[in-house]
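The block underneath contains the structure these notes are about, expressed in structure tokens.
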Amino acid sequence: MAISEALLNYINGEWWMSKADEYLDVLNPASNYVLARVPLSAPAEVDQAAQAAESAFLDWRRTPAPDRIQYLFRLKTLLEEHLDELSRTITMENGKTMKEASGEMRRAIENVEVACGIPTMMQGAFSEDIARGVDEYMIRQPVGVCAIIAPFNFPGMIPFWFLPYALACGNTVIVKPSERTPITMQKVFRLLEEAGFPKGVVNMVNGGPDTVNAILDHPLIRAISFVGSTPVAKHIYSRSSANGKRVQAQGGAKNPVVILPDADMDLTSMIMADSAFGNAGQRCLAAAMAITVGEARHSFTEALAERAIARVVGNGLDEKVEMGPVITPKSKTRIEALIQRGAQDGASLVVDGRNALIKGFESGFFIRPTILQDVHPDSEFAQTEVFGPVLGMMHVESVDEAIRLVNSGKYGNMACLFTSSGAAARKFRYEVQAGNIGINIGVAAPMAFFPFSGWKESFFGTLHGQSHHAVEFYTQTKVVIERWLKEWSRKF
Ligand code: NAD
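Heads up: the sequence shown is residues 1141 to 1632, going by the numbering used here.
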């Protein structure tokens, strides 16, 4: 892609230069180099996409499901063929390492594969003779035009928590990528085009909050799938619901991880370093707060500090690098200020990753892994999603106390436990108020054939992304009660 190229919208099977008054620079966070310019599209462009999607819906919903999934099979092949190129694009615009980026694209592909099972997943139910000669059945029909609004941190994967299911179920779709990482979807849409989806079935409109609000208010758009921060998720949920739309809105997180003294500390510290510092901590399933129990305090802290210091930070395109930069200069400033306030509120800085300078990438937005110990549960640091490579630590004396602390948090995206005790694991899994649980796992990311189950302030709605939840979200049920010839109703 040429330097500073203006990104396009994709509407009704054609690429359009936006009529936006304003464009934003898309930066490579490792170098601060401008990669492209993204338009903040106007409501009229959302309307153009919605009209196109509505017209395409008439025929797409009549296309038999086994035929619809042929497009997804082609898309899967194209995604596999372009995996390296897409991963490179993710690394350049997001900053994560190539290994992390290709792992992300694998997850995207996995969702396409699961959605190919739609002829079975979308089946209804049938009850014969609910009364003499009367049958009742339930069928699933697509909802109509659906919109997907994505965050910056997984530009390749997150739209795929929704897109393949929405399409396979017979809906038409508008994707609004993050304005900070929009280039990956630009490339994915070239592949959607190549896969041959009929005009108007998949559309993309770039933009920011005004573009999103135009989507939320558009009468032709029937369902909204959102992933992003909690304040925006709440806004999306309330505005879409007030407009009578279906909505699933996944929000932010502050994931606690409990470490018992009987855990394998070498393995635990390795997994925890990956969880807290992988993707530079910009992951909704990153470990954010380690809660050590009893003797685990010293052994775990020492082991983790060593790993934090040893982590190789730099440009994600370099194969030796284990952690890239954070997304923007604003984000770096915000994270460093939160570290400072955490320390002022009484936590001690075991490892301080601020003021990182990476040779050859002095203009990049780097923070090295950071660990704050003895964080007070009521402090701003403990309550705030940091979304950077920063792990807070707290200490308690029992599993019960740890579970109380976990459940006192406002988020419920993920909670993990490290132990060798089956009884402790069962208690934790049973009592903890979070939708994704890891036992000796640091990033409990559900496979595509399970729902992505956030709870509390991490999710607004009923049906989550991925798997059967997505199929239910993207279909509406219709119940039919049916009687035929009179002779069927009589007693023999
Ligand atoms: P964000 O909320 O800033 O932006 C997400 C989307 O919302 C973008 O497309 C953006 O254009 C739009 N948006 C932003 N402000 C808006 C406003 N005022 N009105 C309408 N639309 C608006 O999120 P982000 O910074 O891109 O992503 C990081 C956040 O996403 C973190 O909080 C992270 O935890 C969360 N996240 C959650 C999950 C999950 O599954 N729960 C997954 C990934 C990321």
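Note that the Cβ used here is the ideal one computed from N, Cα and C, for glycine as well. Model, not experiment: these values are computed from the prediction.
Classification of residue i by the beta-carbon crowding that lies within 10 angstroms, buried from 16 upward
i: residue 1380; result: buried
i: residue 1165; result: exposed
i: residue 1476; result: buried
i: residue 1167; result: buried
i: residue 1629; result: exposed
i: residue 1465; result: buried
i: residue 1626; result: exposed
i: residue 1365; result: buried
i: residue 1612; result: buried
i: residue 1553; result: buried
i: residue 1523; result: exposed
i: residue 1484; result: exposed
i: residue 1198; result: exposed
i: residue 1160; result: buried
i: residue 1488; result: exposed
i: residue 1520; result: exposed
i: residue 1420; result: buried
i: residue 1325; result: buried
i: residue 1495; result: exposed
i: residue 1618; result: exposed
i: residue 1518; result: exposed
i: residue 1271; result: exposed
i: residue 1486; result: exposed
Contacting residues, own chain, Cβ-Cβ under 7 Å from residue i (five flanking each side not counted)
i: residue 1405; result: 1439, 1440 and 1443
i: residue 1585; result: 1425
i: residue 1358; result: 1186, 1187 and 1190
i: residue 1377; result: 1387, 1389, 1600 and 1601
i: residue 1322; result: 1147, 1166, 1178 and 1346
i: residue 1223; result: 1242 and 1245
i: residue 1304; result: 1212, 1251, 1252 and 1255
i: residue 1511; result: 1444, 1445, 1448, 1490, 1491, 1531 and 1533
i: residue 1383; result: 1356 and 1357
i: residue 1550; result: 1596 and 1597
First and last residue of the uninterrupted alpha helix (DSSP H) at residue i
i: residue 1294; result: First-last for residue 1294: undefined, no H or E at that position.
i: residue 1302; result: Per DSSP, residue 1302 belongs to no alpha helix (DSSP H) and is neither H nor E.
i: residue 1410; result: 1405-1417
i: residue 1231; result: 1223-1234
i: residue 1562; result: 1562-1571
i: residue 1329; result: 1323-1335
i: residue 1380; result: 1370-1382
i: residue 1402; result: Looking at the DSSP string, residue 1402 is not in any alpha helix (DSSP H), and its letter there is neither H nor E.
i: residue 1507; result: Note, residue 1507: premise wrong, no alpha helix (DSSP H); not H, not E.
Beta-carbon contacts of residue i that lie in its chain and below 8 Å, excluding the five residues immediately before and after
i: residue 1620; result: 1276, 1277, 1278 and 1279
i: residue 1461; result: 1237, 1452, 1453, 1454 and 1455
i: residue 1348; result: 1164, 1180 and 1319
i: residue 1336; result: 1211 and 1214
Bounding residues of the beta strand (DSSP E) (the contiguous stretch that carries residue i)
i: residue 1388; result: 1386-1390
i: residue 1578; result: 1576-1579
i: residue 1282; result: 1274-1282
i: residue 1150; result: 1149-1151
i: residue 1168; result: 1163-1168
i: residue 1616; result: 1615-1623
i: residue 1269; result: 1265-1271
i: residue 1534; result: 1530-1536
i: residue 1628; result: Residue 1628 -> no beta strand (DSSP E), and no H or E assigned at all.
i: residue 1362; result: 1361-1367
i: residue 1287; result: 1285-1289
Residues near residue i by beta carbon distance below 6 Å, same chain, minus five either side
i: residue 1632; result: none
i: residue 1457; result: 1231
i: residue 1360; result: 1190, 1194 and 1285
i: residue 1183; result: 1354
i: residue 1609; result: 1591 and 1603
i: residue 1560; result: 1402
i: residue 1539; result: 1564
i: residue 1428; result: 1394 and 1395
i: residue 1546; result: 1396, 1555 and 1572
Any C-beta of chain B under 8 Å from that of residue i
i: residue 1282; result: This model lacks chain B altogether; it includes just one protein chain.
Does the region 1169-1178 come within contact of the region 1144-1152, defined as at least 3 CB pairs closer than 8 Å? With contact defined as three or more Cβ pairs closer than 8 Å, the region 1169-1178 and the region 1144-1152 are in contact.
At least three beta-carbon pairs within less than 8 Å, the region 1594-1608 to the region 1362-1380: With the rule of 3 Cβ pairs closer than 8 Å, the region 1594-1608 counts as touching the region 1362-1380.
Contact between the region 1346-1362 and the region 1221-1241: three or more CB pairs below 8 Å? Contact fails: fewer than three Cβ-Cβ distances are below 8 Å.
Pairs of beta-carbons, one from the region 1491-1507 and one from the region 1200-1220, closer than 8 Å: are there three or more? Taking a cut-off of 8 Å for Cβ pairs, the region 1491-1507 and the region 1200-1220 do not touch, as fewer than three such pairs fall below it.
If contact is defined by three or more beta carbon pairs under 8 Å, each pair taking one atom from either stretch, is the region 1248-1258 in contact with the region 1212-1228? Look at the beta carbons and you see the region 1212-1228 touching the region 1248-1258: at least three pairs across the two are nearer than 8 Å.
Check whether the region 1564-1581 and the region 1327-1345 are in contact - that is, three or more C-beta pairs closer than 8 Å. Remark: fewer than three beta-carbon pairs, one from each stretch, lie closer than 8 Å, so the region 1564-1581 and the region 1327-1345 are not flagged as touching.
Is the region 1289-1302 touching the region 1261-1271, taking contact as three or more C-beta pairs under 8 Å? The region 1261-1271 and the region 1289-1302 do not touch, with fewer than three beta-carbon pairs separated by less than 8 Å.
Would you call the region 1399-1414 and the region 1425-1436 touching, i.e. three or more CB-CB distances under 8 Å? Output reads yes: the region 1425-1436 touches the region 1399-1414.
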